[in-house]
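Novice:
2 protein chains.
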Amino acid sequence: MADPTWSADQVGRVAAPLREQVVTLVRDAILGFRLQPGQRLVERELVEQLGISRPTVREVLRQLAVEGLVTVVPQRGAVVTALTPDDAADLYEMRASLEALAVRRFVQRAAPEHVEALVAAVDEIERTARSAPQEQLQAKDRFYEVLFTGSGSAPLQQTVAGLQARVRLLRATSLSVPGRPEEAAAELRAVVDAVQAGDADAAAAACARHIENAARTALSRLNTGEPA
Amino acid sequence: MADPTWSADQVGRVAAPLREQVVTLVRDAILGFRLQPGQRLVERELVEQLGISRPTVREVLRQLAVEGLVTVVPQRGAVVTALTPDDAADLYEMRASLEALAVRRFVQRAAPEHVEALVAAVDEIERTARSAPQEQLQAKDRFYEVLFTGSGSAPLQQTVAGLQARVRLLRATSLSVPGRPEEAAAELRAVVDAVQAGDADAAAAACARHIENAARTALSRLNTGEPA
DNA sequence: CGGGCAAGATTGTCTGACAGCCTGACTGTC
DNA sequence: GACAGTCAGGCTGTCAGACAATCTTGCCCG
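What follows is the structure, given as structure tokens:
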């Protein structure tokens, strides 16, 4: 621990495997809606567009399929996963459960500087509540980064990240509800207040409440928005 | 519904993709400890042993890596994942949270015949508590199958199944503790009693307690058993 | 006895190819 | 004119072979 910049993530890691780069690229394209749910992902097209070979493309699609972002139909190929409202509700339910667990762990284990960082992250969320959606997302990502760092469980972080990514598949209409960003900020403030008070149960409950509200907002928007 | 055997699982689907067969094969080999944690999985050896081509092997390894059963080190290849005690504890914690959620859903949604099936599954667990480990596992698998069918969430089932599989990576010493099967059966009986009483909170709490006990047993065994 | 170097082993990736299945259009018949 | 059967094309599933990059291992030399 003498030099933190040394071995930030083990020595080398200069050139990430090509496959990892492509996975990240395609995943971001899906989460950024440049690839829309239901859209077919034809292997040959990806080969041409990305300039990589077909075996690599296939490995990438398999990986994203296990993550739940693409759905592979045998003999038919891959499509960007289109969530059913039921699936989305289930995913939110699991998020509520696991993020409450993360918050509880945070209260029990996080160092004081982690608590400070979490407070700062909520401050930032409140500040950006009326900014562009992209800035809001960035602030929220920062919040979760601090939360999971402080709660200190790699498997938990990995699983929740996967759930969040899948939920994002229907994010199109969830952020743009008037007043919702302010509500969300207030709910997260309640979480942090409980964290600062050292009340794990209250913090977990507040966190679960936040996710439930977010789910309600997103799902009602889904039902009333599109007749499909 | 005139003829149930008709379209049992849609007409064809006779020949599952080769890749899926191989994934199942390797996964079962890992969970059955025919491939031990830490063991290297050399692509060429798998090619020869399984009689399939290298691209297929690579897709299989990538898929199992995302599932967490194998760990891929860049430029070094794949090894069967070896859990650290901390990781195992975290996985049990997540299982407690999510299986409690599943039980709660079961209380709220399951049909009466599902409840009956769950009772029957616990009966079977009690009956096999002193039988061979394989029969115990089979009874437990049956219990979970009923539980998740009744709680009706595919994403939840999928996620928990993944967690259970990863936990099983250290199952070697967890079942053979004297008296533990009887304890586990009693704990699951408590879950089912609460389910029959329609008390979702009690059932979820009982379920979480069961997982916590299982975790304690498995982890203490891990710490005292091997100096590694 | 330690360190550097070379050979072997293994992964990462590409090219090319072929069989099987699904989709969609075309054509022939009623 | 509408419907059904057939055929061509597209795409996936899988294989074989090959080559560069990189890591490991063991040997040789200082």
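Line order of the protein sequences matches chains A and B. Just so you know, the first sequence maps onto residues 14 to 241 in my numbering. Just so you know, the second sequence maps onto residues 14 to 241 in my numbering. Quick reminder that beta carbons are idealized off the backbone N, C-alpha and C, glycines included. Predicted model only: the values in this text are computed from it and were never measured.
#1: Once you ignore the five residues that flank A:A217 on each side, which residues in its own chain have a CB closer than 6 Å to its CB?
#2: Could you check where the alpha helix (DSSP H) with A:A101 kicks off and where it finishes?
#3: Listed from N- to C-terminal order along the chain, which residues in the region 90-111 of chain A have their beta-carbon within a distance smaller than 7 Å of any beta-carbon of chain B?
#4: If you draw a straight line from the C-alpha of A:S164 to the C-alpha of B:G64, how long is it?
#5: Using beta carbons (cut-off 8 Å, strictly below), is B:E225 in contact with chain A?
#6: Does the beta carbon of A:Q121 sit closer than 8 Å to a beta carbon anywhere in chain B?
#7: I'd like to know whether the C-beta of A:Q62 is nearer than 8 Å to at least one C-beta of chain B.
#8: Count Cβ pairs between the region 156-170 of chain B and the region 133-141 of chain B that sit closer than 8 Å; are there 3 or more?
#9: For A:R3, go through chain B and note every residue whose CB falls closer than 8 Å to its CB, in chain order.
#10: Rounded C-beta distance between A:R229 and A:L176? I'm assuming under 8 Å.
#11: Can you tell me which of B:P98, B:L74 and B:D103 puts its alpha carbon nearest to the alpha carbon of B:V92?
#12: Taking contact to mean at least 3 C-beta pairs separated by less than 8 Å, is the region 122-129 of chain A in contact with the region 212-226 of chain A?
#13: Could you tell me how far apart the beta carbons of A:A60 and A:G90 are, in whole angstroms, since I believe they sit closer than 8 Å?
#14: Along the beta strand (DSSP E) that carries B:G163, what are the first and last residues, could you check?
#15: To the nearest angstrom, how far is the alpha carbon of B:V120 from that of A:A145?
#16: Should A:L38 be labelled buried (16 or more other beta-carbon atoms within 10 Å of its own) or exposed?
#17: With A:V36 and A:Q62 assumed to form a contact (beta carbons below 8 Å), what rounded beta-carbon distance in angstroms separates them?
#18: Would you mind stating whether A:R40 and A:T69 have Cβ atoms separated by less than 8 Å?
#19: Relative to the C-alpha of B:R140, which candidate in B:L160, B:A42, B:E196 and B:A95 has its C-alpha closest?
#20: Does the beta-carbon distance from B:V85 to B:A95 come in below 8 Å?
#21: When the Cα atoms are used, what is the spatial distance from A:R243 to A:T97?
#22: Please confirm if A:V79 has its CB atom under 8 Å from at least one CB of chain B.
#23: Distance cutoff 8 Å, beta carbons only. Does A:A15 sit that close to anything in chain B?
#24: Just the Cα atoms here: how many angstroms apart are B:R122 and A:N226?
#25: Please go through the region 42-98 of chain A and give each complete alpha helix (DSSP H) segment of 4 or more residues, from N-terminal end onward.
#26: Using a Cβ-Cβ distance cut-off of 8 Å, determine whether A:T250 contacts chain B.
#27: Give me the subset of the region 136-168 of chain A whose CB atoms are less than 9 Å from a CB atom of chain B, sorted by chain position.
#28: For the alpha helix (DSSP H) containing B:P168, list its first residue and its last residue.
#29: For A:G25, which residues of its own chain have a beta-carbon under 7 Å away from its beta-carbon, when the five flanking residues on both sides are left out?
#30: What residue from B:R47, B:D99, B:Q34 and B:C220 has the CA that sits closest to B:L232's CA?
Specialist: Working from what's here:
#1: A113, V116 and R117
#2: Unbroken alpha helix (DSSP H) run through A:A101: P98 to R122.
#3: D100, D103, L104, E106, M107, S110 and L111
#4: 45 Å
#5: Answer no: the Cβ-Cβ gap between B:E225 and chain A never drops below 8 Å.
#6: Under the Cβ criterion of 8 Å, A:Q121 is not counted among the residues facing chain B.
#7: no
#8: yes
#9: A query on residue 3 of chain A cannot be resolved here, the shown segment of chain A reaching from 14 to 241 and no further.
#10: Not really, about 17 Å apart at Cβ, beyond 8 Å.
#11: B:L74
#12: no
#13: At residue 60 of chain A the sequence reads Val, which differs from the Ala that was named. Their Cβ separation, rounded to whole angstroms, is 13 Å, which puts A:V60 and A:G90 out of contact at 8 Å.
#14: Here B:G163 belongs to no beta strand (DSSP E); instead the alpha helix (DSSP H) covers P146 to S164.
#15: Roughly 42 Å between the two C-alpha positions.
#16: exposed
#17: Between A:Q62 and A:V36 the Cβ distance is about 15 Å, and since that is not below 8 Å, they are no contact.
#18: no
#19: B:E196
#20: no
#21: Outside the shown range of chain A, which is 14 to 241, sits residue 243 of chain A, and nothing can be said about it.
#22: Yes, because at least one Cβ of chain B sits closer than 8 Å to the Cβ of A:V79.
#23: Any reading at A:A15 must be qualified, since the residue scores a pLDDT of 34, below 50, and its modelled position is unreliable; the value itself is stated next. So, not an interface residue.
#24: Spanning the two alpha carbons is a distance of roughly 22 Å.
#25: 56-63 and 67-80
#26: Because chain A is modelled from 14 through 241, residue 250 of chain A falls outside the range shown and cannot be assessed.
#27: G165, S166, A167 and P168
#28: B:P168 -> alpha helix (DSSP H) spans A167 to V180.
#29: Caution is warranted here: a pLDDT of 37 is assigned to A:G25, below 50, making its placement in the model unreliable, and no coordinate value can be reported.
#30: B:D99
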